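J.: Residue numbering for the sequence shown follows our numbering, beginning at 178 and increasing consecutively.
For reference, the structure I am asking about is given below.
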Amino acid sequence: MSDTDLIVENDLLNSFFASDAIAYDTKSATTQISDGVFTLQCRALWDSPVDISVLCHEMAHVIEIENDRVWWEASFGLNLREIEFLGKIYREPLTDQSTCREVRVLGIQWRLQEMFGHTQVNYRVFETASSFRWLPDTVAYYCNRPSLKKVPYRKQKFAITKRIIRDALKVYHEWPEWRILGEWKQKIQQLDSAKNRQYRIGA
Ligand SMILES: [Zn+2]
């Protein structure tokens, strides 16, 4: 079964999108709010295939973010401070917050993929965890965990991925199905009432 079929023909997944305040777009590689609808991406890049782990990742962000922020931030608040240095603009991470957030999101994404019957969960979790080394603050994540510093340089990349998976697994265990469903319900209530009030940016 292709990922498109797994998304479109998945009764449980579709029950998550029963409200008209939230949707997914199998053609899109950007999560955005437009016409008052929070629309989640299903592709990593516009020319990459539909990927259920990408949709689950975006859903996990919705679940993870604080309730009162969900209705106005399609970027899930992951903005970095911009600084100018020698005439160039750099985006400067001050802490390891965004990597920590992505680790929490990965744990929730893991549970969602399993709930929706994705057969390649472990492989995709590994792939997502490996991609975190491109996050601008992963260096801080690494520096804050002394055990990682003892790893020889040539093994560091793999050690960080392994550590991220271990931390995400802990989160996975903290998020059983009932908790996911309860949190999603709360977020939908927020989105529904924001849609009704027409307060949301882009609405
Ligand atoms: Zn993310």
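Ideal placement from N, C-alpha and C gives every residue a C-beta, glycine not left out.
These figures come from a predicted structure and were not determined experimentally.
L232 and A206: beta carbons closer than 8 Å?
T.: In the sequence shown, residue 232 corresponds to position 55, counting from 1. In the sequence shown, residue 206 corresponds to position 29, counting from 1. No, they are not a contact pair.
J.: When DSSP labels each residue in this structure, what does E186 get in the three-state scheme?
T.: For the purposes of this step, residue 186 is taken as residue 9 along the sequence shown, with counting starting at 1. Three-state DSSP puts E186 in coil, outside helix and strand.
J.: Which residues in the same chain as A380 place their Cβ atom closer than 6 Å to its Cβ, once the five residues preceding and following it in sequence are excluded?
T.: For the purposes of this step, residue 380 is identified with residue 203 of the sequence shown, where counting begins at 1. Bear in mind that the predicted position of A380 carries a pLDDT of just 37, short of 50, making it unreliable; the figure below should be weighed with that in mind. Only G213 meet the Cβ criterion.
J.: Closer than 8 Å by C-beta to S196: which residues in its own chain qualify, once you throw out the five before and the five after it? Chain order, please.
T.: Counted from its first residue, the sequence shown places residue 196 at position 19. Counting only Cβ-Cβ distances below 8 Å, and skipping sequence neighbours, we find I365, L368, D369.
J.: Should the segment 310-317 be called in touch with the segment 286-295, which here means at least 3 C-beta pairs below 8 Å?
T.: Cβ pair count under 8 Å is below three, so no.
J.: If you follow the beta strand (DSSP E) that D228 is in, where does it begin and where does it stop?
T.: Along the sequence shown, one-based indexing puts residue 228 at 51. No beta strand (DSSP E) contains D228, which DSSP labels as neither H nor E.
J.: Count the CB pairs spanning the segment 324-332 and the segment 349-365 that are closer than 8 Å, and state whether there are at least three.
T.: no
J.: Between the Cα of V282 and those of E241, I337, D344, spot the shortest distance and give me the residue it belongs to.
T.: Locating residue 282 in the sequence shown gives position 105, counting from the first residue. For the residues E241, I337, D344, the minimum Cα distance to V282 belongs to E241.
J.: What does a CB cutoff of less than 8 Å around A336 pick up in its chain, not counting 5 residues either side in sequence?
T.: Start at 1 with the first residue of the sequence shown, and residue 336 comes out as number 159. Excluding sequence neighbours, A336 sits near L325, V328.
J.: Could you tell me which residues DSSP pairs with V239 in its beta bridges?
T.: The sequence position of residue 239 within the sequence shown is 62, counting from 1. Residue pairing of V239 in beta bridges, as defined by DSSP: absent, with no partner found.
J.: Who are D202's beta bridge partners in DSSP?
T.: To locate residue 202, count along the sequence shown from 1; it is residue 25. Paired residue(s): Q218.
J.: Just to confirm, does H282 get its C-beta within under 7 Å of one of the non-hydrogen atoms of ligand 1?
T.: The residue you call residue 282 lines up with position 105 of the sequence shown. Residue identity check: residue 282 is Val in the sequence provided, not His. Yes, since a heavy atom of ligand 1 falls inside the 7 Å radius drawn around the Cβ of V282.
J.: Are there any heavy atoms of ligand 1 lying less than 7 Å away from the beta-carbon of E279, as far as the coordinates show?
T.: As a first step, residue 279 is located in the sequence shown; it is residue number 102 there, counting from the start. The answer is yes for E279.
J.: Kindly indicate the opening and closing residues of the beta strand (DSSP E) around Q209.
T.: Residue numbering aside, residue 209 sits at position 32 when the sequence shown is read from its first letter. Run containing Q209: 209-211, per the beta strand (DSSP E) assignment.
J.: Under a three-way DSSP split, which group does M292 fall into?
T.: Within the sequence shown, residue 292 is the residue found at index 115, counting from 1. When secondary structure is reduced to three states using DSSP, M292 falls in the helix class.
J.: Please state whether the Cβ-Cβ distance between C277 and Y318 is less than 8 Å.
T.: Here residue 277 corresponds to residue number 100 of the sequence shown, with the count starting at 1. Here residue 318 corresponds to residue number 141 of the sequence shown, with the count starting at 1. Yes, these two residues count as a Cβ contact at 8 Å.
J.: Roughly how many whole angstroms lie between the Cα atoms of D245 and F193?
T.: Taking the sequence shown and counting its residues from 1, the one referred to as residue 245 is at position 68. Taking the sequence shown and counting its residues from 1, the one referred to as residue 193 is at position 16. The C-alpha of F193 is placed about 19 Å away from the C-alpha of D245.
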